[in-house]
Each structure stands twice: as structure tokens, then as C-alpha cells.
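Residue 128 in my numbering sits at position 106 of the sequence shown, with consecutive numbering throughout. Where a beta carbon is used, it is the ideal one built from N, C-alpha and C, also for glycine. See below for the structure under consideration.
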Amino acid sequence: MSQICMIIPCFNEANRLKVSDFERFLQDHARFDLLFVNDGSTDETANLINVICSKNANAMQLSLDKNSGKAEAIRQGFLHILQTQNHYCVGYLDADLATPFSEILKMETTMKQYPSVKILLGSRWKRLGSKIERNWMRHYMGRIFATMVSMIFNLDVYDTQCGAKIMQAESLEPIFEDPFVSRWFFDIEILLRIRRLNPDKSIDDWAMEWPINEWKEIGNSRISLFDFLSVPYQLWKIKRHYPILP
Numbered sequence: 023m024s025q026i027c028m029i030i031p032c033f034n035e036a037n038r039l040k041v042s043d044f045e046r047f048l049q050d051h052a053r054f055d056l057l058f059v060n061d062g063s064t065d066e067t068a069n070l071i072n073v074i075c076s077k078n079a080n081a082m083q084l085s086l087d088k089n090s091g092k093a094e095a096i097r098q099g100f101l102h103i104l105q106t107q108n109h110y111c112v113g114y115l116d117a118d119l120a121t122p123f124s125e126i127l128k129m130e131t132t133m134k135q136y137p138s139v140k141i142l143l144g145s146r147w148k149r150l151g152s153k154i155e156r157n158w159m160r161h162y163m164g165r166i167f168a169t170m171v172s173m174i175f176n177l178d179v180y181d182t183q184c185g186a187k188i189m190q191a192e193s194l195e196p197i198f199e200d201p202f203v204s205r206w207f208f209d210i211e212i213l214l215r216i217r218r219l220n221p222d223k224s225i226d227d228w229a230m231e232w233p234i235n236e237w238k239e240i241g242n243s244r245i246s247l248f249d250f251l252s253v254p255y256q257l258w259k260i261k262r263h264y265p266i267l268p
């Protein structure tokens, strides 16, 4: 039985899905399962996922009839894994592998070293010795966003939006049983839901950020300038939905 499962949300990823990289990782690391969630793709994504799954016993797929957004794709992936499999950790990872598998392996090791950590968040902290390749505008937009999140939700997290996270599988179902309010900022909601389940504990008791050493921004990002301008409204919706915060 595999020990850890990573969920890969996919929507029209045919031009970005690196089949050979996924196959190599699956063959070299049998303790990992990968669940590809095809979120109503209309290109060749489904065929590429079929190729990967047909050659690797530790690759699975879940197909959604219509595009529901990254938040719902990941939520459905978690529910599927929690109801049908048995892993000690479940996480998610962007299909373009902006965070390479080498960093996921380090995050797995960290989870084993800190059993009290319920969620480990990849953090794109650009520092000496790291290879964080990110558009300068998106970097500064990200810092503004992080400041807003900290002020509104009292979440002192450097990077909530990195697409690499790993969680302890125990007690995850209550976190994913209800749909998320936001299609893009569901990562914040995950933290708020975990905090709601642990009202007597500080976030430092159950969450940890892992400063990844390598991350590369892939072109054709799905979030536009218009999306960024709608951030205050999206955060307001989340705040309204989670009114009771410690």
C-alpha cells in the first residue's frame, strides 16, 4: 500500500502535462500514489492521463463531467481518496510541476519529522541559494495579497497560494465535506477550516511552511489582472462565510 497520495487537478493541461516526468516519478517512488482529477477538460488531457495510468499501478484518475474549478477538483479528489484509499498523508500539486517532485520528496520527509503538523505548505520564499523563478509583478502582487490575508484572517502565512501542500489524512473529511466559497483562494479556507477544528491551538501548533528551493513559473497562468482586482471581493466572501475566528 502506498503511504502518500498527491492529487493533480487538471483542466486543459495537454500542453503542460509532462508525461515522462510523472511516469519516472511513479516508477522510482512506489510509496507515492498520484490521483489525476480531470476537471472537464476539452483537449487531449484525458488521453494523456490514460497513458500515465495504463502504465503505472500507482496512478489513478477521477473524471468530472464539467469544469468546476481548481477548488472543487481538489475537494472531489480528497473525498475520493479518503473514501476509497488509506494513506497517512494526502496532498496536492499543480499539473505543470512548477514545484518539482524533488521538493515534494523533501516535504514528505518534513511531515515525517514533525508528526504534530497537520498541514505543510510549500512557500515560494525567494532567498540566496534558492531557484524561485517568478514574474516580478506577480511576486509583488503576492506580497500585497499575503498582507491582506494576514490582516483580514489573522493568518501569518508568507505564501498561502503555492500549489504544493501535504496534509495528514487523519480527520481530513470534515475539511473537505462542504464546497469551498472561492474557486481560487480555497487554500485560505482550508487553513480556516483546520483552525475551526482546533480552536484551542495556535496555527503554529498544526501548520508549517516549507521554503521550497526550486519553483518555476510556467506560462499561461490562469489568473489574470482582472482576477487580481477582484481579490478584495473574494476575500470578503470568505470572511463573511467564516465569521467566527479565534
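Contact set for residue i: own chain, Cβ-Cβ below 6 Å, skip 5 residues either direction
| i | result |
| --- | --- |
| P201 | none |
| I154 | R146, K148, W237 |
| L143 | K187, E231 |
| E35 | T67, A117 |
| R205 | G91, A93 |
| S152 | N235 |
Candidates the options, of which the one nearest residue i by Cα
| i | options | result |
| --- | --- | --- |
| S124 | F198, D181, D249, H51 | H51 |
| C27 | T106, R46, V112, Q135 | V112 |
| M173 | I197, R218, K134, P254 | P254 |
Check whether residue i and residue j have beta carbons under 9 Å apart
| i | j | result |
| --- | --- | --- |
| N220 | D226 | no |
| K238 | A120 | yes |
| N37 | D55 | no |
| Y264 | F175 | yes |
| F44 | S63 | no |
| F191 | Y110 | It is Ala, not Phe, that sits at residue 191 in the sequence shown. Yes. |
| I216 | I141 | yes |
| I234 | M163 | no |
| M170 | L257 | yes |
| A68 | I74 | no |
| Q183 | D222 | no |
| T132 | V139 | yes |
Supposed contact pair residue j and residue i - C-beta distance, whole angstroms, cut 8 Å
| i | j | result |
| --- | --- | --- |
| L251 | L104 | L251 to L104, Cβ: 36 Å. No contact. |
| L101 | N78 | Not a contact, Cβ separation roughly 23 Å. |
| I260 | V203 | 5 Å |
| L70 | L39 | 5 Å |
| R53 | Q83 | Not quite, the Cβ-Cβ distance comes to about 19 Å (not below 8 Å), so this is no contact. |
| L213 | L177 | 6 Å |
Cβ neighbours of residue i in the same chain (closer than 7 Å, five flanking residues each side left out)
| i | result |
| --- | --- |
| T158 | One detail in the question is off: residue 158 reads as Trp in this sequence, not Thr. Within the same chain, W158 has no close Cβ partners at all. |
| I240 | R38, D118, A120 |
| M41 | First, the residue type needs correcting, since residue 41 is Val and not Met in the sequence shown. Once the five neighbours on either side are set aside, the close Cβ partners of V41 are L70, V73, I74. |
| Y136 | M230 |
| M189 | C111, V112, G113, K140, I141 |
| E211 | F202, V203, S204, I260 |
| F198 | R97, F100, L101 |
| P196 | L219 |
Residues of its chain near residue i, where Cβ-Cβ distance is below 8 Å and the 5 sequence neighbours each way are ignored
| i | result |
| --- | --- |
| S90 | D61, G62, Q98 |
| H161 | K148 |
| G2 | Nothing can be reported for residue 2, as the shown portion of the chain is limited to 23 through 268. |
| K88 | G62 |
| D249 | W206 |
| A168 | V179, Y180, D181, T182 |
| P31 | V59, D61, K92, A95, I96, G99, Y114, D116, A117 |
Contact test: residue i Cβ vs the ligand GDP heavy atom, cutoff 8 Å
| i | result |
| --- | --- |
| G151 | The model on display carries no ligand, and the ligand GDP is accordingly not part of it. |
Quick check: the stretch 41-61 against the stretch 90-104, are at least 3 beta-carbon pairs closer than 8 Å?
yes
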